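Asker: Chains as they are written, first to last, in the numbering used here: chain R, 1 to 671; chain A, 1 to 453.
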Amino acid sequence: MRRFLQHALVIAAVSACGVEEPASNNPPVFDPGHRPLRRVNRAELDRMFRDLTATTLRPGLDFPPDDAASGFDNHAEALGFSPLFFELAEAAAGAVARDLIDAGRIPVTVTAVDGASWSSTSDGPNATNGAAFAFYGNGAASWTPPLLAAGRYALRLDARTTPGDAGPALLVLEIDGVEIETIALEGAESSPATELDLAPGATLALRFINDAWIPDAGIDRNVWLDRVTLEGPIDAPAPIPPERAEALPCTLIGVSDADARACAERVVTGLATRSWRRPLASEEAAALMARWDAVRSEGGTAADATQIVLKRIWTSPSFLFLVEPPPSATSAPVDAWTLAQRLAIFLWGSVPDAALSAAAADGSLLDPVVLEAHTRRMADDPKAVALIDDFAGQWLGIRMVGNAAPDPALFPTFTIEIRDAFAEEMRANFASLLDDEVPFRNLLTSEWSRVTDPLLDWYGLESGFSGTGARNVNVALAGRGGWLAQGGLLTALSPPTRTSPVKRGVWVLTNLLCDEPPPPPPNVEGFPEPSASAATVRDRLEAHRANPACAACHDRIDPVGFAFEGFDPVGRVRTEDAGLPIDATGVLPDGTAFDGLTALQAHLADDPRLAACAAERMFVYAHGRDAEAADGPTLDRTVETYTALGGSFVDLLVATTTSEAFRAARAEEVP
Amino acid sequence: MSWQQWRVRGRPSHDPQLDAPRSWSRRAFLGGAGAAITLPFLPSILGARGAMADDTQPVRAVWWFIPNGVHMPAFRPETYGEGYTLPRMLAPLSGLEPHLHVLSGLTNLAGIDDRAGDHARGTAAFLTCVTPQHEGVALGESADQAAARALLGRTAFPSLQLGYEASVSAGQCDSGYACAYSHNVSWANATTPLPKLTDPRAVFDRLFAGFDVAATEAERAQRLRWRMSVLDDVTADAAALQSRLSPSDRHRLDAYLTAVRALEFRLEDPSTTACEPPIRPGTGLARTARIDAMSDLTAVALRCDLTRVVTFMLADGLSLASYPDLGAPGAHHGYSHHQGNPDNHEALVRIGAWEMERFAYFLRALQADPTPTGDLLDQTLVFLGSEISDGDRHNHDDMPALLAGHGGGRVAGGQHLDVTGRTYADAHRLLLDAAGVDVSAFPVDGTEPLPLS
Numbered sequence: 001m002r003r004f005l006q007h008a009l010v011i012a013a014v015s016a017c018g019v020e021e022p023a024s025n026n027p028p029v030f031d032p033g034h035r036p037l038r039r040v041n042r043a044e045l046d047r048m049f050r051d052l053t054a055t056t057l058r059p060g061l062d063f064p065p066d067d068a069a070s071g072f073d074n075h076a077e078a079l080g081f082s083p084l085f086f087e088l089a090e091a092a093a094g095a096v097a098r099d100l101i102d103a104g105r106i107p108v109t110v111t112a113v114d115g116a117s118w119s120s121t122s123d124g125p126n127a128t129n130g131a132a133f134a135f136y137g138n139g140a141a142s143w144t145p146p147l148l149a150a151g152r153y154a155l156r157l158d159a160r161t162t163p164g165d166a167g168p169a170l171l172v173l174e175i176d177g178v179e180i181e182t183i184a185l186e187g188a189e190s191s192p193a194t195e196l197d198l199a200p201g202a203t204l205a206l207r208f209i210n211d212a213w214i215p216d217a218g219i220d221r222n223v224w225l226d227r228v229t230l231e232g233p234i235d236a237p238a239p240i241p242p243e244r245a246e247a248l249p250c251t252l253i254g255v256s257d258a259d260a261r262a263c264a265e266r267v268v269t270g271l272a273t274r275s276w277r278r279p280l281a282s283e284e285a286a287a288l289m290a291r292w293d294a295v296r297s298e299g300g301t302a303a304d305a306t307q308i309v310l311k312r313i314w315t316s317p318s319f320l321f322l323v324e325p326p327p328s329a330t331s332a333p334v335d336a337w338t339l340a341q342r343l344a345i346f347l348w349g350s351v352p353d354a355a356l357s358a359a360a361a362d363g364s365l366l367d368p369v370v371l372e373a374h375t376r377r378m379a380d381d382p383k384a385v386a387l388i389d390d391f392a393g394q395w396l397g398i399r400m401v402g403n404a405a406p407d408p409a410l411f412p413t414f415t416i417e418i419r420d421a422f423a424e425e426m427r428a429n430f431a432s433l434l435d436d437e438v439p440f441r442n443l444l445t446s447e448w449s450r451v452t453d454p455l456l457d458w459y460g461l462e463s464g465f466s467g468t469g470a471r472n473v474n475v476a477l478a479g480r481g482g483w484l485a486q487g488g489l490l491t492a493l494s495p496p497t498r499t500s501p502v503k504r505g506v507w508v509l510t511n512l513l514c515d516e517p518p519p520p521p522p523n524v525e526g527f528p529e530p531s532a533s534a535a536t537v538r539d540r541l542e543a544h545r546a547n548p549a550c551a552a553c554h555d556r557i558d559p560v561g562f563a564f565e566g567f568d569p570v571g572r573v574r575t576e577d578a579g580l581p582i583d584a585t586g587v588l589p590d591g592t593a594f595d596g597l598t599a600l601q602a603h604l605a606d607d608p609r610l611a612a613c614a615a616e617r618m619f620v621y622a623h624g625r626d627a628e629a630a631d632g633p634t635l636d637r638t639v640e641t642y643t644a645l646g647g648s649f650v651d652l653l654v655a656t657t658t659s660e661a662f663r664a665a666r667a668e669e670v671p
Numbered sequence: 001m002s003w004q005q006w007r008v009r010g011r012p013s014h015d016p017q018l019d020a021p022r023s024w025s026r027r028a029f030l031g032g033a034g035a036a037i038t039l040p041f042l043p044s045i046l047g048a049r050g051a052m053a054d055d056t057q058p059v060r061a062v063w064w065f066i067p068n069g070v071h072m073p074a075f076r077p078e079t080y081g082e083g084y085t086l087p088r089m090l091a092p093l094s095g096l097e098p099h100l101h102v103l104s105g106l107t108n109l110a111g112i113d114d115r116a117g118d119h120a121r122g123t124a125a126f127l128t129c130v131t132p133q134h135e136g137v138a139l140g141e142s143a144d145q146a147a148a149r150a151l152l153g154r155t156a157f158p159s160l161q162l163g164y165e166a167s168v169s170a171g172q173c174d175s176g177y178a179c180a181y182s183h184n185v186s187w188a189n190a191t192t193p194l195p196k197l198t199d200p201r202a203v204f205d206r207l208f209a210g211f212d213v214a215a216t217e218a219e220r221a222q223r224l225r226w227r228m229s230v231l232d233d234v235t236a237d238a239a240a241l242q243s244r245l246s247p248s249d250r251h252r253l254d255a256y257l258t259a260v261r262a263l264e265f266r267l268e269d270p271s272t273t274a275c276e277p278p279i280r281p282g283t284g285l286a287r288t289a290r291i292d293a294m295s296d297l298t299a300v301a302l303r304c305d306l307t308r309v310v311t312f313m314l315a316d317g318l319s320l321a322s323y324p325d326l327g328a329p330g331a332h333h334g335y336s337h338h339q340g341n342p343d344n345h346e347a348l349v350r351i352g353a354w355e356m357e358r359f360a361y362f363l364r365a366l367q368a369d370p371t372p373t374g375d376l377l378d379q380t381l382v383f384l385g386s387e388i389s390d391g392d393r394h395n396h397d398d399m400p401a402l403l404a405g406h407g408g409g410r411v412a413g414g415q416h417l418d419v420t421g422r423t424y425a426d427a428h429r430l431l432l433d434a435a436g437v438d439v440s441a442f443p444v445d446g447t448e449p450l451p452l453s
């Protein structure tokens, strides 16, 4: 708590120009920029469904991947709304609604058996005939279905008959010897479904009662029972699993109409509020229940009606877009619900939880101290894995690892297992930065890495521990350490057959320093082929850099890339390239000389551009839009706040969420 | 056309399928896990739709995109006119020459700009013939969507976007251009790329799933009513929201409303179940099998007249795919920067020839589908091209282009044609014209369809 208050004071001090000041004769000049309306992406859709209903369905995984703009696939410009997206979202909403409602009822099972599974229970010629049970004369057959639960079941018979003297063949249906009804069959047909109340152990019997055999008239009425299908229990209530209780706090099934409607109203208004991330207007709640009543009046069950209304909630633009209140005439702080929505989608890629919603409902979230507390709380929650998947996943190259495809002829031992372990190492290492005691610069300077068994071998490490799973290993002893020395990044930044200092160098400049070199001019020569005088990748690049037209940019790029040369295209330490010793030295344009990746990373960790770049990347991710020139002051203050707070990644999150831009909406004219 | 204009209420008479688990006819499950195999053509399948006057022999338009340009010396035949020898990359098309024109000399100059990013620009411009804006996302309507718009209402699916690679975003694509440019060739408008389905099973499910055989007609009609009521409700939500938005955001909600209409339209159209589905494709198909399965599904969709407009991306622009099985273990894009190196040329030709094998498979799938007057290839025009010409030069003139099929008798085929001075846009307009679409629907970069007959 001590640390907290300190942070709040720091923020207050840094946030010099307050949007929270009254807009009297001294109106704020701060422009928070326009936060464009955007739809949620497929990962966010899945997480929202998960957090709203505890479903294990992940329908978004089957959507076409969302495209990225400015580095992130949550960027408003990138998230076009195609008919295909809507179609898939509509189907997903229906599936999740069904999945939730089904959690409150005993699963319906379909049991179908051939007639031959029935046994004759009376004297006479009746017997199985192939897959069928044949009734050649009056008599009965019985079957005890394997039921798991008592309830109402639908029975359907598939049978063939031959004509008798008059009218259909008649079969009396009995349950445990009690006559239920008489089923009439004619020709070859399925009987209409009969609904029965059954309990486990009940025995069904069918008794053929109007056999006819008049050989002279050619009359011989027989029945062949081909197949019997039993489906149910129909709408039998089941105990609601605890993890579903927030979404489904009452039972819709097997209760009176009035109770079912009252329950539906609770479910629907609760989920609409959470799904739309704002309080529901009373007319909205009324409209949702009007739809519920309409479905009921057309013969739908309470479960049907609730399912339809949930689907409607999750198909609405209020769910599929991150809607904010209409802009006002002056730039102003957003309301607490909007702030909660921004915070939850940024940190969790999902909807607010109960605690955040409570802070929105009472308005306390507007207090920067409370906002900071929630930011830290949420960063410490398992749901913050969204920041690893989506923010670090794209910014720091974790997702690239999945596309790595080293040449199997050159690297036959490289497997999918190694590739997956690479990505897991990166995710685990980034996760360790979500501890606010860990300075963010550790990203590049850590001597430790969280590696799994396949990587211990791959890296040639001894863990000193036995057991399975990821373990924290001091990799500095093996010449590693820091984000750039992770095998996944090294592999993803290599073409399939060799290393690419250019690719690695450009990646560092672009992503860590936000100092992207200009692309090569059209029609330039590419990478020189090996020759007698230039066999190694480094020598070939040096030859290329002798061309002054290339040197202008490659003097910046190549030295950074050379630092990586001690690692091969699949992330292993190497001492030779093309039979010659590795040279991983370099001199940066500012004169800094280094040897190897650890030294380069130590230098980068001290580069002030690193924090500025991290703040800019986070701004784009947090706002779903590019940082414009007008956002410069916001970014400067974010870095200041982050530094003053202590310089952890979590501090950067706090500096971002407590910035004025994050908490305010731009003035817009609404015609 | 705005969404309001094509809001049509029809009779809800088919697959309402609320949210029950998807089920298919028993037949669709036979053999379950195998690759998609088209069933023999059943004349009765065309059913109700074929009865439309002037619409009995529709012409279909298909565009195939291949990435990274081609090695032109192995693509362009040495002689013009008929009787040319197929160069090495085109050799897999042997036997299909009578149904094929090789078009040499086309440009797609919208791919040019004075900065890097030719792959992103060329892919974006492939079918739009518009130069994409570098910041944000702003392009234009693609030719296939101009066709889809004009043919709206004729088929259950106005168009299909298919591909092989699921473009999982790692953040960056080409030179700071939004990834949408490299990943999509079909664009509904300047800001709405149409993503492609890349899993054959997902395509199958979209085309054929949803018919609940266990439900009665009355049950289905009721479920359809409920499903439509949801669409009515959310349309009202969007209309109420629209007036509260900043003007710069309204186009996003317009796209939402268009999407709702598109689904409504399909649900109202009884034709989706008029065609017997093929076998559901398996999962985990290897690259070649997966692409061919997509070709089979495309042929079925066209044959059943579920759509008349299809785009297929064999890979994304600037594809980094590697083909160790073809003896090309490096990245395709790396080879395309060939620097005159014969080894790189060889890799490019192998990849290119494999691409043409896939294309030949698709054309033969169309040939295997008889129509009342011939086969489906007779009734289709297929354009194949890329985002650039040569991988070193990144040029957007002298582009690779093939035209296959006869477009209902409009295109004879069989020649290597010099069409220097004409554009990709003119080729696209030829497809539009053949499909019965007024070519002014696609007004960029040139005006007339290619003069082929």
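The C-beta atom is built at its ideal place from N, Cα and C for all residues, glycine as well.
All values derive from a computational prediction rather than experimental measurement.
How big is the Cα-Cα spacing for residue 48/A and residue 380/A?
Answerer: The count along the second sequence starts at 1 and reaches residue 48/A at position 48. The count along the second sequence starts at 1 and reaches residue 380/A at position 380. Reliability fails at residue 48/A, whose pLDDT of 30 lies under 50, so the model's placement of it is uncertain and the value that follows must be treated cautiously. Between residue 48/A and residue 380/A, the C-alpha separation is close to 21 Å.
Asker: Does the beta-carbon of residue 141/A have 16 or more other beta-carbons within 10 angstroms, so that it is buried, or is it exposed?
Answerer: In the second sequence, counting from the first residue as 1, residue 141/A sits at position 141. Residue 141/A should be labelled buried.
Asker: Short of 8 Å Cβ to Cβ, which residues in the stretch 309-326 of chain R face chain A?
Answerer: Listed by position along the chain: 311, 312, 315, 316, 317, 318, 320, 321, 323, 325, 326.
Asker: If you follow the alpha helix (DSSP H) that residue 601/R is in, where does it begin and where does it stop?
Answerer: What you label residue 601/R is simply residue 601 of the first sequence in a count that begins at 1. Residues 597-606.
Asker: Between the stretch 422-439 of chain A and the stretch 100-116 of chain A, can you find at least three pairs of beta-carbon atoms closer than 8 Å?
Answerer: Contact between the stretch 100-116 of chain A and the stretch 422-439 of chain A is present, because at least three Cβ pairs lie under 8 Å.
Asker: Just tell me which of 495/R, 337/R, 621/R, 665/R has its CA closest to the CA of residue 652/R.
Answerer: On the first sequence, position 652 is the one that residue 652/R refers to. Cα-wise, what sits closest to residue 652/R is 621/R.
Asker: What is the C-beta distance between residue 169/A and residue 67/R, in whole angstroms, given that I count them as a contact (C-beta under 8 Å)?
Answerer: Translated into positions along the second sequence, residue 169/A becomes position 169. Translated into positions along the first sequence, residue 67/R becomes position 67. That pair is a contact at about 6 Å.
Asker: Roughly how many angstroms separate the alpha carbons of residue 536/R and residue 591/R, rounded to a whole number?
Answerer: Residue mapping note: residue 536/R aligns to position 536 of the first sequence, counting from 1. Residue mapping note: residue 591/R aligns to position 591 of the first sequence, counting from 1. Distance between the alpha carbons of residue 536/R and residue 591/R is about 24 Å.
Asker: Note down, in chain order, every chain R residue with its Cβ under 7 Å from the Cβ of residue 194/A.
Answerer: As a working mapping, residue 194/A is identified with position 194 in the second sequence. Correct list: 82, 84.
Asker: Let me make sure I understand the geometry here. Which of 37/R, 660/R, 49/R has the alpha-carbon closest to that of residue 348/R?
Answerer: For the purposes of this step, residue 348/R is taken as the residue at position 348 of the first sequence. It is 49/R.
Asker: Using a beta-carbon distance cut-off of less than 8 Å, what residues from the stretch 273-296 of chain R approach chain A?
Answerer: Correct list: 287, 291, 294, 295.
Asker: Jot down the residue ranges of each uninterrupted beta strand (DSSP E) in the stretch 85-133 of chain R, minimum 3 residues, whole runs only, in chain order.
Answerer: Qualifying beta strand (DSSP E) stretches, in chain order: 109-114, 127-129.
Asker: Closer than 8 Å by beta-carbon distance: list the chain R residues that pair up with residue 341/A, in chain order.
Answerer: Here residue 341/A refers to the residue found at position 341 of the second sequence. Per Cβ cutoff of 8 Å: 529.
Asker: Can you tell me where the alpha helix (DSSP H) holding residue 429/R begins and where it ends?
Answerer: On the first sequence, position 429 is the one that residue 429/R refers to. 416-431 is the span of the alpha helix (DSSP H), which, as asked, contains residue 429/R.
Asker: Chain A partners of residue 400/R, CB-CB under 7 Å?
Answerer: Working through the first sequence from its first residue, we reach residue 400/R at position 400. The answer, in chain order, is 170.
Asker: Under 8 Å between the Cβ atoms of residue 122/A and residue 111/A?
Answerer: Mapped onto the second sequence, residue 122/A falls at position 122. Mapped onto the second sequence, residue 111/A falls at position 111. Yes, the pair counts as a contact, with Cβ atoms nearer than the cut-off.
Asker: Whose C-beta lies closer than 6 Å to the C-beta of residue 145/R among residues of the same chain, with five residues either side of it excluded?
Answerer: Residue mapping note: residue 145/R aligns to position 145 of the first sequence, counting from 1. If we look at residue 145/R and ignore the five residues flanking it on each side, its Cβ neighbours are 111, 230.
Asker: Quick one: grab the DSSP three-state call for residue 201/R.
Answerer: Residue numbering aside, residue 201/R sits at position 201 when the first sequence is read from its first letter. Correct three-state label for residue 201/R: coil.
Asker: With 8 Å set as the bound, which would you pick, yes or no: does the beta-carbon of residue 410/A sit closer than that to a beta-carbon of chain R?
Answerer: By one-based count along the second sequence, residue 410/A stands at place 410. Residue 410/A does not count as touching chain R.
Asker: My output table needs one value for residue 303/R: the three-state DSSP class, helix, strand or coil.
Answerer: Within the first sequence, numbered from 1, the residue matching residue 303/R stands at position 303. Reduced to three states, the DSSP call for residue 303/R is helix.
Asker: Does residue 393/A come out as helix, strand or coil in the three-state DSSP assignment?
Answerer: What you label residue 393/A is simply residue 393 of the second sequence in a count that begins at 1. Residue 393/A falls in the coil class under three-state DSSP.
Asker: Would the beta-carbon of residue 274/R fall within 8 Å of that of residue 54/R?
Answerer: On the first sequence, residue 274/R is found 274 positions in, with the first residue counted as 1. On the first sequence, residue 54/R is found 54 positions in, with the first residue counted as 1. Cβ distance not < 8 Å, so residue 274/R and residue 54/R don't count as in contact.
Asker: Where does residue 160/A sit, in a helix, a strand or coil, going by DSSP?
Answerer: Here residue 160/A corresponds to residue number 160 of the second sequence, with the count starting at 1. In the structure shown, residue 160/A sits in a strand (DSSP, three-state: E or B).
Asker: Would residue 441/A and residue 236/A be called neighbours here (beta carbons separated by less than 8 Å)?
Answerer: Counting from 1 along the second sequence, the entry for residue 441/A is found at position 441. Counting from 1 along the second sequence, the entry for residue 236/A is found at position 236. No, these two residues do not count as a Cβ contact at 8 Å.
Asker: Could you name the residues of chain R that residue 191/A contacts, counting a contact when the two beta carbons are closer than 8 Å?
Answerer: As a position in the second sequence, residue 191/A is number 191, starting the count at 1. The answer, in chain order, is 77, 80.
Asker: Please report how far the alpha carbon of residue 242/R lies from the alpha carbon of residue 458/R, in whole angstroms.
Answerer: In the first sequence, counting from the first residue as 1, residue 242/R sits at position 242. In the first sequence, counting from the first residue as 1, residue 458/R sits at position 458. Near 43 Å, if we compare the C-alpha coordinates of residue 458/R and residue 242/R.
Asker: Taking the continuous alpha helix (DSSP H) assigned at residue 562/R, which residues delimit it?
Answerer: Your numbering for residue 562/R matches position 562 in the first sequence. Here the alpha helix (DSSP H) through residue 562/R covers 548-562.
Asker: List, in order along the chain, the chain R residues whose C-beta lies closer than 7 Å to that of residue 405/A?
Answerer: Stepping through the second sequence from its first residue, residue 405/A is reached at position 405. Residues of chain R passing the Cβ test: none, with the nearest at roughly 26 Å.
Asker: Got a sec, what are the start and stop residues for the beta strand (DSSP E) residue 339/A sits in?
Answerer: Residue 339/A sits at position 339 when you count from the first residue of the second sequence. Counting along the chain, residue 339/A falls outside any beta strand (DSSP E), and DSSP gives it neither H nor E.
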